Structures are given as C-alpha cells and as structure tokens.
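> Each residue of the sequence shown is one higher than the one before, starting from 1 at the first, in the UniProt record's numbering.
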Amino acid sequence: MDATVKALDETRGAADGNVPVVSVVVPCFNGGRFLDGLMASLDRQTLRAFETIIVNDGSTDEATLRKLATFEGRARIIHQNNRGLSAARNAGIAAARCEFVAVLDCDDTFEPPFLEEASALLRSAPKEVAVAVSHLRLVGAVQGLVERYFNPFDLLFTNTMHSGVMVRKASWQAVGGYDETMLQGYEDWEFYLRLSLAGYRAVEIPKYYYNYALATGGMLLGRSSQVHAALWRSMRAKHAAHYTPLAIVRRWRTARGDNSHVSLAKAFIVLGLAKMLPDAWYSRLIMEHRRRKLLEGRLPTDAGPVSYDYPGVDGTVSHSR
1 MDATVKALDE
11 TRGAADGNVP
21 VVSVVVPCFN
31 GGRFLDGLMA
41 SLDRQTLRAF
51 ETIIVNDGST
61 DEATLRKLAT
71 FEGRARIIHQ
81 NNRGLSAARN
91 AGIAAARCEF
101 VAVLDCDDTF
111 EPPFLEEASA
121 LLRSAPKEVA
131 VAVSHLRLVG
141 AVQGLVERYF
151 NPFDLLFTNT
161 MHSGVMVRKA
171 SWQAVGGYDE
181 TMLQGYEDWE
191 FYLRLSLAGY
201 RAVEIPKYYY
211 NYALATGGML
221 LGRSSQVHAA
231 LWRSMRAKHA
241 AHYTPLAIVR
251 RWRTARGDNS
261 HVSLAKAFIV
271 LGLAKMLPDA
281 WYSRLIMEHR
291 RRKLLEGRLP
301 TDAGPVSYDY
311 PGVDGTVSHS
321 R
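1) On the CB-based measure, 16 or more other CB atoms within 10 Å of its CB, does Ile205 come out buried or exposed?
2) Quick one: Cα of Leu121 to Cα of Tyr243, how far?
3) Does His135 come out as helix, strand or coil in the three-state DSSP assignment?
4) Excluding the 5 residues preceding and the 5 following Phe268 in the sequence, name in chain order all residues of the same chain whose CB lies nearer than 7 Å to its CB.
5) What span of residues does the alpha helix (DSSP H) with Phe100 cover, start to end?
6) Which two residues bound the contiguous alpha helix (DSSP H) that contains His228?
7) Kindly indicate the opening and closing residues of the beta strand (DSSP E) around Tyr209.
8) Kindly indicate which residue of Asp154, His162 and Glu128 has the alpha-carbon position closest to the one of Arg137.
9) Going by beta carbon distance, what residues of the same chain come within less than 8 Å of Leu285, once the five residues before and after it are set aside?
10) Starting from Phe191, follow the beta strand (DSSP E) in both directions and report where the run begins and ends.
11) Ignoring anything shorter than 3 residues, give me the beta strand (DSSP E) runs that lie fully in the segment 16-52, in order along the chain.
12) Provide the residue(s) that pair with His289 in DSSP beta bridges, ordered along the chain.
13) By Cβ distance, which residues of its chain are closer than 7 Å to Ser86, with the 5 residues on each side in sequence left out?
14) State the DSSP-derived secondary structure class of Ala75, mapped to helix, strand or coil.
15) Which complete beta strand (DSSP E) runs does the segment 121-180 hold, if anything under 3 residues is left out?
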C-alpha cells in the first residue's frame, strides 16, 4: 500500500475515534468579524478530529471580545497582551496538543480537504519534512491563483510560501518558532528560511486549498512591501553566513533542480540592487514587481469555486501586530 494512502487511512481512523489529529492555531487581533467565516471553513473540513486554538492577541474591540466568548467550548481561547503575530502563533503552537499544527490567520480560510490531506502527507513523510503547503487562492476584492512551493535556494531571496501551512510541532520547536521581534512582516518567510537552513524540507499539495482574503487590491502591496528593503536586510544580517557569494553558489548547486524559479544570475542582481539602492527605491522596485505578478495572478482560471462566501471581507483586514 502506498505510504500516503496508508497514512490517509490512519488519519481517518484516528478521526473516527474522535482523537485530535491536528491542532489549528488562529491568531486574532480585533478580527471578530471574520471568525464566523473561519469557523465555517473549519466545520467543512473532511478531517473531523482536530482542535481549534484561537489566540486573542490583546484585542481591544468589544465586538471581537464578545464574538470570542461565543466560541468557548468549540475552541480553546488563549488571551494575552498584544505582542504581535509571531508571539500569538508561538503561544498557540506551544499550547497545541497534536503533532501537526495548521496555522491560519483569522481572516483567511482552508478548503475542506486541507487538514486531512496535509496531515496524511506529513504522517507518511520522513521527519525532515517539516511543512505541508498548498497553492493559494486570492478571494475578496482581488481574485486569482498563486502557486506556492518550497525551495531552499529561492527562499534566500523571496518568500515562495504563504502563512497558512501545516507544520510539525517538533520542527517548529527545534528552530525556535517564529521570530517575535519581527513586528512589521516577513516573520513567516524568516521562519521558513530558518527551517530550510536547518535542513528541513516541505511537501507541496498542488491544489488551491488556502484562501487569502483581500479587502482591497493594495493589501498585497502593503506595509511589508513598503519596508521590504529594511526587513530583508535584517534577515540577511541574521543569517549573514548564508549570504556570502560562496555560500549562495553552494546552495544554488544543491537546490537548483528542486523546483527553483530563481536563477543564480537573478539572485546576485537582486542582492546587488538591495545593497546599492536606497531603501525607498528598492522597496518601490519590489512593489512594482509584485503589482505585475498580482495582475498575472488575476487571469481567469479553472480551479473551481471556493467552498463558501466571504461576508466578512468588506473592510480593512486586521492582522495581529
């Protein structure tokens, strides 16, 4: 029997026994208006045995606090002072009881098969496979499809993943979790980079199971894009040994055949521009590149409809910061 099929059967068996197989961690900061949609997406999961942990990261909105109270019993609610998205994720994962943890921002959703398929793939994979990631679907004000993948070389220069993944708790613990000092963005990118530098890999699900909600077209070109130069410079400083010319070439040689989309020449051009241009210019260059990619991603596709409506996507989406 194929290992993945066997793992899928084992996952369903555990679910039939109502033993939690997966923990779902949801950071929430003043995002109460999205929680009904999020919980609806979890109710539609084909995997039935999972626990939901919502981390209230110091919400000040009374409507959010009232909404959180209505989910007591359906989810474990952790309350903490506002410490940012990384700290909220870390608190939720630390409290998780399961081997596999799905991370989901409160304004985003998973398609019904994600928890079951991702946990089955991780269960059948060797321990060095730390993450399961699917492709991404843009929903709300902007619609389109974005393919996501894991490549140890490409991750040095661009975030090839997204935040809504499933991770082994042991791997998260081994690399120290999300960096809680990264309050302006890229905390997920830096976490995946750290996993790859520690020798971990990911398994990819070539289906659009992660729904990323956008209230406006400008959100993909938001704060992290505006300060991209400073954020990426801090990442390079933190992992300086891996950004020397020799280290870059060595990493390219080992990872170039593994679904890589960044050539060696492009890598050095990007790095050179980041070092030469003023931060504002380089960040603007990145924003223009992302705007073009966004327009490409909005081309009509045949990936099928999302599993339900998104009534909450009618204003500025609020992430924990």
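Heads up, the beta-carbon is just placed ideally off N, CA and C, and yes, glycines get one too.
Keep in mind the model is a prediction, meaning the values are calculated, not measured.
This is what the structure holds:
1) Ile205 comes out buried.
2) Cα to Cα, the separation comes out at about 32 Å.
3) Under the three-state reduction of DSSP, His135 is assigned to strand.
4) Answer for Phe268: no residue qualifies.
5) DSSP places Phe100 outside any alpha helix (DSSP H); the residue lies instead in the beta strand (DSSP E), whose first and last residues are Phe100 to Val103.
6) From DSSP, the alpha helix (DSSP H) with His228 extends over His228 to Lys238.
7) Segment Arg201 to Leu214, the beta strand (DSSP E) holding Tyr209.
8) Closest by alpha carbon: His162.
9) Excluding sequence neighbours, Leu285 sits near Leu273 and Leu277.
10) Run containing Phe191: none in the beta strand (DSSP E); it sits in the alpha helix (DSSP H), Glu187 to Leu197.
11) Listed in chain order, the complete beta strand (DSSP E) runs (minimum 3 residues) inside the segment 16-52 are 22-28.
12) Its beta-bridge partners do not exist; DSSP assigns none.
13) Cβ neighbours of Ser86 beyond the five flanking positions: Tyr178, Asp179, Glu180, Met182 and Glu187.
14) DSSP places Ala75 in strand when its eight states are reduced to three.
15) Segments of the beta strand (DSSP E) lying fully in the segment 121-180: 129-140, 144-146 and 166-168.
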